[in-house]
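Trainee: Listed in order, the protein sequences are those of chains A and B.
Final position of the first sequence in numbering that gives the first Met the number 0 is 157; the numbers increase by one with none missing.
Final position of the second sequence in numbering that gives the first Met the number 0 is 158; the numbers increase by one with none missing.
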Amino acid sequence: MNPTEMDASRPSVIEQPGVSKDTFVRGCSKGLKTVWLMSKFMVPLIVLVTVLGKTPWLAMLGNAFAPILGFIGLPGEASVGILLGLAVNLYAAIGAAAPLDLTVKQATIFAFFLLISHSLLIEGAITKNFGAPAWKLTGLRLLTSFLFAFLLNVLWPN
Amino acid sequence: MDIGAALLMGAQNAFYQVGKMALILIPIIVFLEILRDLHIVQRGSRLFAPVMGIFRLPGEAAVPMVVGLVFGILYGAGVLIQAGKDGSLNAKEMTVIGLFLSLNHAIIEDPLLFTMLGANYLLMQALRLVASVLITALFAMWLLPPLPGPAHEAAQSNS
Numbered sequence: 000m001n002p003t004e005m006d007a008s009r010p011s012v013i014e015q016p017g018v019s020k021d022t023f024v025r026g027c028s029k030g031l032k033t034v035w036l037m038s039k040f041m042v043p044l045i046v047l048v049t050v051l052g053k054t055p056w057l058a059m060l061g062n063a064f065a066p067i068l069g070f071i072g073l074p075g076e077a078s079v080g081i082l083l084g085l086a087v088n089l090y091a092a093i094g095a096a097a098p099l100d101l102t103v104k105q106a107t108i109f110a111f112f113l114l115i116s117h118s119l120l121i122e123g124a125i126t127k128n129f130g131a132p133a134w135k136l137t138g139l140r141l142l143t144s145f146l147f148a149f150l151l152n153v154l155w156p157n
Numbered sequence: 000m001d002i003g004a005a006l007l008m009g010a011q012n013a014f015y016q017v018g019k020m021a022l023i024l025i026p027i028i029v030f031l032e033i034l035r036d037l038h039i040v041q042r043g044s045r046l047f048a049p050v051m052g053i054f055r056l057p058g059e060a061a062v063p064m065v066v067g068l069v070f071g072i073l074y075g076a077g078v079l080i081q082a083g084k085d086g087s088l089n090a091k092e093m094t095v096i097g098l099f100l101s102l103n104h105a106i107i108e109d110p111l112l113f114t115m116l117g118a119n120y121l122l123m124q125a126l127r128l129v130a131s132v133l134i135t136a137l138f139a140m141w142l143l144p145p146l147p148g149p150a151h152e153a154a155q156s157n158s
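(1) Quick one: using the 10 Å Cβ neighbour count with 16 as the cut-off for buried, is Ile72 of chain B buried or exposed?
(2) Check the C-beta distance from Ala148 of chain A over to Leu116 of chain B and give it rounded, since I have them as a contact under 8 angstroms.
(3) So for Arg9 of chain A, helix, strand or coil by DSSP?
(4) Let me check understanding here. Comparing Cα to Cα, which of B:Ile25, B:Phe14, B:Phe54, B:Val132 lies closest to Lys32 of chain A?
(5) Tell me which residues of the stretch 4 to 19 of chain B have at least one Cβ-Cβ distance to chain A shorter than 7 angstroms, keeping chain order.
(6) In angstroms with no decimal places, state the Cα-to-Cα distance between Ala139 of chain B and Leu113 of chain A.
(7) For Gly123 of chain A, which residues in the same chain have their Cβ closer than 6 angstroms to its Cβ, ignoring the five residues on either side in sequence?
(8) Let me make sure I understand the geometry here. Which of B:Gln41, B:Gln16, B:Ala4, B:Arg35 has the alpha-carbon closest to that of Met37 of chain A?
(9) So what's Pro110 of chain B in DSSP terms, helix, strand or just coil?
(10) Starting from Glu59 of chain B, find everything on chain A with Cβ-Cβ shorter than 8 angstroms and list it in chain order.
(11) Roughly how many angstroms separate the alpha carbons of Asn119 of chain B and Val103 of chain A, rounded to a whole number?
(12) Check each residue of the stretch 119 to 134 of chain A: if its Cβ is closer than 7 angstroms to any Cβ of chain B, include it; give the result in chain order.
(13) Could you check what DSSP says for Phe70 of chain A in three-state terms: helix, strand or coil?
(14) Going by the beta-carbon positions, is the gap between Ile93 of chain A and Asn12 of chain B smaller than 9 angstroms?
(15) Helix, strand or coil, according to DSSP, for Arg42 of chain B in the structure here?
(16) When the Cα atoms are used, what is the spatial distance from Glu76 of chain A to Leu85 of chain A?
(17) Can at least three beta-carbon pairs, one atom from the stretch 46 to 57 of chain A and one from the stretch 33 to 43 of chain B, be found at a separation below 8 angstroms?
(18) Would you decide whether Arg45 of chain B is buried or exposed? Buried here means 16 or more other CB atoms lie within 10 Å of its CB.
(19) Around the Cβ of Ser19 of chain A, are there at least 16 other Cβ atoms within 10 angstroms (buried) or fewer (exposed)?
(20) Answer with yes or no whether the minimum CB distance from Lys85 of chain A to chain B is below 9 angstroms.
(21) So, is the C-beta of Ser158 of chain B closer than 9 angstroms to a C-beta in chain A?
(22) Going along chain B in order, which residues have a C-beta closer than 8 angstroms to the C-beta of Met37 of chain A?
(23) Tell me whether Ser38 of chain A sits in a helix, a strand or coil according to DSSP, three-state version.
(24) Cα-Cα, which of B:Glu59, B:Ile106, B:Leu142 is closest to Ala125 of chain B?
(25) Pro49 of chain B to Leu142 of chain B, Cα distance in whole Å?
(26) Taking the CB atoms as reference points, tell me whether Glu108 of chain B and Leu31 of chain B lie closer together than 9 angstroms.
(27) Take the Cβ of Ala61 of chain B as the centre, count every other Cβ of all protein chains shown within 10 Å, and call the residue buried at 16 or more, exposed below.
(28) In the DSSP assignment, find the unbroken alpha helix (DSSP H) run with Met162 of chain B in it and report its ends.
(29) Could you check what DSSP says for Val50 of chain B in three-state terms: helix, strand or coil?
(30) Consult DSSP for Gly97 of chain B and reduce its assignment to one of helix, strand or coil.
(31) Determine whether the Cβ of Leu165 of chain A lies closer than 9 angstroms to any Cβ atom of chain B.
(32) Output yes or no for whether 9 angstroms exceeds the beta carbon distance between Ile27 of chain B and Leu146 of chain B.
Now the structure itself:
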């Protein structure tokens, strides 16, 4: 490997560590960009779920998923958040769950489940670089989510 | 109930939730930038080198593990791919690290977002740590050979 290639590939070793005004400017601009990105997912979903909550549809969808989610202590209505979290990202999941008024136990199980398994399409593509087949890792994540969320539900007194 | 009132209620709720999220998210991202510029995590990760034995991994695995744990899977993957190119970690070792990071990453930003729903940060992250360590250690026992003893290791590094 030639020296220039090394310099380009590991800048963190070459750079002097230290915080400057630039750190804060970069942090704030990244933060604002993330807030903008997240509101694009959250706002439509919060409005949609709030409106659906006034119709029988959300409850009907909830009833369809209640058997699976009841297993891990979540109400069927949380299925919208779980599915969006798995397929899209955590912002979408939080947007869909925000209007639901989950209890502390439900919110913690919901969060735990999605922290282990989320953005499966995008992160599956990233983890391909790790050398393991993406679908095996994805399957393992889902299994871990269900197994430990089930344990948390059983062990946490209501 | 008419649709107009529901829409208004939804919009108000959305405005409130986005504001709440911004108040959580922006300070966290600034904090992570500070950590990154101080190189604290890269340096501190060396303290975790002895713990890597749980996963049958060499001490070199500590940097990608801890960097991915703190900053997220994308950043961790970058460091990990670099370690793979260096030759300090082989393909099977990278698979084990990737397995761990796919279960547990971005331990500051992601779980703190969920606190806005009322979730308990310590509980969810502690359980996630237990789950990821347990599953990864089990898979490491199957995928990787046992680590050589300390004496043998010293002899190897001299050669």
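Every residue gets a Cβ at the ideal spot worked out from N, C-alpha and C, and that includes glycine.
The structure presented is a predicted model; accordingly, all values stated were derived computationally and were not measured.
Mentor: Result, derived from the coordinates:
(1) buried
(2) So it is not a contact: roughly 15 angstroms between Cβ atoms.
(3) Unreliable positioning characterises Arg9 of chain A in this predicted model, as indicated by a pLDDT of 46, which lies under 50. A coordinate reading is not provided.
(4) B:Ile25
(5) Here the close residues are Ala5, Leu6, Met8, Gly9, Ala10, Asn12, Ala13, Gln16, Val17.
(6) Near 24 angstroms, if we compare the C-alpha coordinates of Leu113 of chain A and Ala139 of chain B.
(7) Cβ within range, chain order: Ala133, Thr137.
(8) B:Gln16
(9) helix
(10) Per Cβ cutoff of 8 angstroms: no residues; Glu59 of chain B is ~14 angstroms from chain A at best.
(11) 7 angstroms
(12) Glu122, Ile125, Thr126, Asn128, Phe129, Gly130, Ala131
(13) coil
(14) no
(15) helix
(16) 15 angstroms
(17) no
(18) With fewer than 16 Cβ atoms within 10 Å of its Cβ, Arg45 of chain B is classed as exposed.
(19) exposed
(20) As written in the sequence, residue 85 of chain A is Leu, which differs from the Lys given in the question. Not one chain B Cβ lies under 9 angstroms of Leu85 of chain A.
(21) Legend: pLDDT at Ser158 of chain B = 44, less than 50; position of this residue unreliable, value from coordinates given subsequently. Not one chain A Cβ lies under 9 angstroms of Ser158 of chain B.
(22) Val17, Met20, Leu24
(23) Helix.
(24) B:Ile106
(25) 20 angstroms
(26) yes
(27) buried
(28) No information on residue 162 of chain B is available, as it lies outside the stretch 0 to 158 that chain B covers here.
(29) helix
(30) helix
(31) Outside the shown range of chain A (0 to 157) lies residue 165 of chain A, about which nothing can therefore be said.
(32) no
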